[in-house]
Amino acid sequence: MSFVKENVNRQPIVDTVFSIVKKAKEDKEKIGEENVVDATIGSLYNEQGSLVALDSVFSSLKSLDNKVLAAYAASFTGNDDFKDRVYKWVLNGNSHLHHEVIATPGGTGAVAMTIQECLDVGQTVILPEIAWGSYNLMAQMNNLSVKTYALFEEDHFNLTSFKETCEQVMKEQDKLVIVINDPCHNPTGYSLSSQEWKDVIAFLNECSKTHKVVLLNDIAYIDFAYGQKLAKEYFSVFDDISENMAVIVAFSLSKSMTSYGLRCGAAIVMAQTEDIVQELKIVFEKDARATWSNINNGAMAAFVDVIDHHLKEYDQERLQYVALLKKRSELFVKEANEVGLKHYPYKEGFFVTLSMDNTTRDAYHEALMKNHIYTVKVNKGIRVAVCSLSLDKIKGLAKKMKDILDTIQ
949 MSFVKENVNR QPIVDTVFSI VKKAKEDKEK IGEENVVDAT IGSLYNEQGS LVALDSVFSS
1009 LKSLDNKVLA AYAASFTGND DFKDRVYKWV LNGNSHLHHE VIATPGGTGA VAMTIQECLD
1069 VGQTVILPEI AWGSYNLMAQ MNNLSVKTYA LFEEDHFNLT SFKETCEQVM KEQDKLVIVI
1129 NDPCHNPTGY SLSSQEWKDV IAFLNECSKT HKVVLLNDIA YIDFAYGQKL AKEYFSVFDD
1189 ISENMAVIVA FSLSKSMTSY GLRCGAAIVM AQTEDIVQEL KIVFEKDARA TWSNINNGAM
1249 AAFVDVIDHH LKEYDQERLQ YVALLKKRSE LFVKEANEVG LKHYPYKEGF FVTLSMDNTT
1309 RDAYHEALMK NHIYTVKVNK GIRVAVCSLS LDKIKGLAKK MKDILDTIQ
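Numbering (the working numbering), first residue to last: 949 to 1357.
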């Protein structure tokens, strides 16, 4: 007999980030911060090496009445004004589907809720081969199987692998639940083109003739996409989904508002018919009530205040960091290409990922740490967090990394 449920995985969680963050911190204390490259941190940092906390956001939060900060939200699905502003901010007029919004603890809450409520035990969720590790963990904790699609074919999205993976799963079950993390994919920084999105939706519409289809679009980093409003235009493609398909968009205030610890986000449920939206909403709101009960009222109120009263300041402040992120990524990618340091196709976002097999990756990761360069291991690669590295730290980094790689190959 066990103290936990019989079918749960009891293996300790493999910490691929925080243990390396700790090593980097210890190394900085030992030899000085200027002698260490810490490319582990998946949050936005300024050029002085401090965490970015947008003044426009936190001034708004601090100006709220204490009673607002202390209060429960109006509903366990979130405050109505928050849900309204989230929908308008995220979709930006690009979709006209039936929809509902459920507030969640970060984008993570939206992803977790979809994975655990849309599939039965033993069924399969479809994930990208290179992805945020928590997707896999969520599947594992809900006793789901995972099938992965290869992300890339040369320098573009691997539609062939995506189709093949979906077709394999369709032989085993009557439903598809698929995760696409886009734009600003974590950890490669890839974003699908408008045509790639059209191809994906056209294929899923074919699948929906015989199977129910749930597409989970994780947009955690969308507000740091280099095209800004242009990066949201692909949502219009969702208006072409069939009547046997639903789209759930997972939105994160953590990234958009640089409020990582406030844990607030939303699941935006969309479909051609109100019936589908309501079925998902009813189950999702019960899941919300049973799991976290209520969402951070202050975070929701601050978001509404920023959107309604401080949008100009927020945009100006955030866009400065979007421009800085673009400079950093362009410098790293340019120098990587010059020295032949192979990486996955990067378009925009917080991370660039070097491409290699996992055996090389493991040896390389150790070699980098011996040279005071700290990165994060992902499937088939090494993640470099350009979001937290100053331009000074990035300059020349690709060459150092290539020289180290050459010593182990």
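All C-beta atoms in this analysis are idealised placements derived from N, C-alpha and C, irrespective of residue type, glycine included.
Distance, residue j Cα to residue i Cα
i	j	result
Met1193	Leu1039	18 angstroms
Asn1367	Ala1214	In the structure as shown, the chain begins at 949 and stops at 1357. Residue 1367 is therefore absent and cannot be evaluated.
Val1326	His1133	13 angstroms
Asn1042	Leu1353	44 angstroms
Leu1092	Ala972	35 angstroms
Trp1080	Glu1222	32 angstroms
Leu1045	Leu1012	34 angstroms
Leu1279	Lys1343	7 angstroms
His1047	Val1195	9 angstroms
Met1089	Ala1018	32 angstroms
His1313	Gly1329	10 angstroms
Asn1153	Glu1115	13 angstroms
Thr1052	Asp1029	15 angstroms
Ile1362	Ser950	Here the chain covers residues 949 to 1357 and nothing more, so residue 1362 does not appear.
Leu1339	Val1125	40 angstroms
Ala1022	Phe1172	30 angstroms
Glu1101	Glu977	42 angstroms
Tyr1182	Ile979	47 angstroms
Tyr1269	Lys970	26 angstroms
Met1061	Glu981	40 angstroms
Val952	Pro1293	43 angstroms
Met1118	Ile1149	16 angstroms
Residue i and residue j closer than 8 angstroms at C-beta
i	j	result
Ser1303	His1291	yes
Ala1250	Val1000	no
Thr988	Tyr1322	yes
Gly1297	Ala1198	no
Leu1289	Val1334	no
Gln1220	Ile1189	yes
Val1185	Lys1146	yes
Asn1084	His1320	no
Ile1050	Glu1233	yes
Gly1057	Trp1240	yes
Val1016	Asn1165	no
Glu1265	Leu1002	yes
Ala1247	Phe1024	no
Ser1139	Asp1130	yes
Val1324	Ile968	yes
Val985	Lys1341	yes
Gln996	Gln1071	no
Tyr1020	Ile1216	no
Nonlocal neighbours in the same chain, by C-beta distance under 7 angstroms from residue i, ignoring five residues either side
i	result
Ile1255	Arg1033, Trp1037
Ala1284	His1291, Ala1346
Glu1191	Gln1220, Thr1221
Asn994	Val1000
Contact set for residue i: own chain, Cβ-Cβ below 8 angstroms, skip 5 residues either direction
i	result
Ala1087	Ile1063, Val1073, Leu1075, Ser1093, Val1094
Thr1355	Ala1315
Neighbour-count burial assignment, residue i, 16 or more Cβ in a 10 Å radius
i	result
Val1069	exposed
Lys1295	buried
His1257	exposed
Thr1206	buried
Sequence-distant residues of the same chain with beta carbon closer than 6 angstroms to residue i, five excluded per side
i	result
Pro1135	Phe1299, Thr1301, Val1326, Arg1331
Ala1098	Glu1077, Asn1106, Ser1109
Val1162	Cys1066, Val1125, Ala1194
Tyr1174	Lys1274, Glu1296
Lys1180	Asn1040, Asn1042
Asp1253	Ser1008
Residue range of the beta strand (DSSP E) that includes residue i
i	result
His1313	Here His1313 belongs to no beta strand (DSSP E); instead the alpha helix (DSSP H) covers 1306 to 1318.
Lys970	From DSSP, Lys970 is part of no beta strand (DSSP E) but of the alpha helix (DSSP H) over 966 to 979.
Phe1299	1299 to 1303
Asn1165	1160 to 1166
Thr1355	Here Thr1355 belongs to no beta strand (DSSP E); instead the alpha helix (DSSP H) covers 1345 to 1356.
Ile1128	1123 to 1129
Ile1196	1193 to 1200
Ala1215	1213 to 1219
Gly1329	1329 to 1333
Tyr1020	Counting along the chain, Tyr1020 falls outside any beta strand (DSSP E), and DSSP gives it neither H nor E.
Alpha helix (DSSP H) segment containing residue i, residue limits
i	result
His1257	1245 to 1257
Glu1233	1222 to 1239
Gly1054	1054 to 1066
Lys1031	1028 to 1039
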